[in-house]
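J.: Input: one structure, supplied below.
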Amino acid sequence: MLSNLWKLFLVFFKIGLFSFGGGLAMVPLFITEFEKHGWMTRHEFFNVLSLAQMTPGAIAMNSSTYVGNHVAGVIGGIIATFSLAAPSVIIMLFMSRFLIKVKHHPAKIAIFKGLNPATIGLIAYAGIQIAHTTFFKNDYSVIHWKALVIFAAIFILQFMIKKVNPIFMIILAAGAGILLGS
Numbered sequence: 229m230l231s232n233l234w235k236l237f238l239v240f241f242k243i244g245l246f247s248f249g250g251g252l253a254m255v256p257l258f259i260t261e262f263e264k265h266g267w268m269t270r271h272e273f274f275n276v277l278s279l280a281q282m283t284p285g286a287i288a289m290n291s292s293t294y295v296g297n298h299v300a301g302v303i304g305g306i307i308a309t310f311s312l313a314a315p316s317v318i319i320m321l322f323m324s325r326f327l328i329k330v331k332h333h334p335a336k337i338a339i340f341k342g343l344n345p346a347t348i349g350l351i352a353y354a355g356i357q358i359a360h361t362t363f364f365k366n367d368y369s370v371i372h373w374k375a376l377v378i379f380a381a382i383f384i385l386q387f388m389i390k391k392v393n394p395i396f397m398i399i400l401a402a403g404a405g406i407l408l409g410s
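Under the working numbering, the first residue of the sequence shown carries the number 229, and numbering increases by one thereafter.
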């Protein structure tokens with residue numbers, strides 16, 4: 229039990245330390261680590277990710293709590309969540325005063341100009357991974373048409389009705405999933 233808790237701490241601390249751009253940018257690292265340790269498959273994680281997006285709070289924190297709980301119970305959930313947040317808290321405590329002082333420094337601006345596209349790339353990669361698992365079987369031979377229809381409908385509605393509440397879209401998609409079946 230203690231080795232699982234220590235492993236959870238190290239894995240989630242590493243994810244928290246080396247991830248930029250929020251929860252979706254962490255997805256590639258989540259998948260790599262969870263599969264490497266045998267905690268869950270890519271498909272299982274995408275189900276967790278869907279749930280984490282629908283519940284209040286940050287996606288990464290919700291996912292880490294669920295996975296930690298899955299691996300080692302409530303204590304595992306607490307350790308995974310704490311470990312994921314700890315690097316950001318530590319870094320911000322030490323860096324906040326410095327970042328305020330160099331707010332307009334060219335080097336700082338250049339660093340963030342490099343990090344921003346990297347973050348978008350990681351989020352796009354996560355989106356492609358989620359799309360692959362959602363819309364296709366592993367060999368691309370079978371398309372999940374119902375999932376593709378739900379995606380297209382929600383995507384189009386979101387653009388047509390600009391101020392639609394995301395909660396409504398989630399409920400609509402869940403209802404469509406129930407009506408269309410698996």
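Even glycine gets a Cβ: it sits at the ideal position worked out from N, Cα and C.
Here the structure is a predicted model, which means the values were calculated and not measured.
(1) DSSP beta-bridge partners for phenylalanine 364?
(2) Quick one: what's got a C-beta closer than 8 Å to alanine 286's C-beta in the same chain, skipping five residues either side?
(3) Taking the alpha-carbon of methionine 268 as reference, which of Gly296, Ser247 and Ile339 has the nearest alpha-carbon?
(4) Would you decide whether asparagine 393 is buried or exposed? Buried here means 16 or more other CB atoms lie within 10 Å of its CB.
(5) According to DSSP, is glycine 286 part of a helix, a strand, or is it coil?
(6) Smallest Cα separation from proline 253: which of Val377, Trp234 and Ile356?
(7) Report the option in Ile406, Tyr368 and Ile395 whose CA atom is closest to the CA atom of isoleucine 378.
(8) Following the continuous alpha helix (DSSP H) through asparagine 232, name the residue where it begins and the one where it ends.
(9) How would you write the range of the alpha helix (DSSP H) that histidine 265 sits in, first residue to last?
T.: Reading it off the structure:
(1) Ile371
(2) Gly250 and Gly251
(3) For the residues Gly296, Ser247 and Ile339, the minimum Cα distance to methionine 268 belongs to Gly296.
(4) exposed
(5) The identity of residue 286 in the sequence shown is alanine, whereas the question assumes glycine. Correct three-state label for alanine 286: coil.
(6) Contrary to the premise, residue 253 reads as alanine rather than proline in this sequence. It is Ile356.
(7) Relative to isoleucine 378, the option among Ile406, Tyr368 and Ile395 whose CA is nearest is Ile406.
(8) 230-246
(9) 251-265
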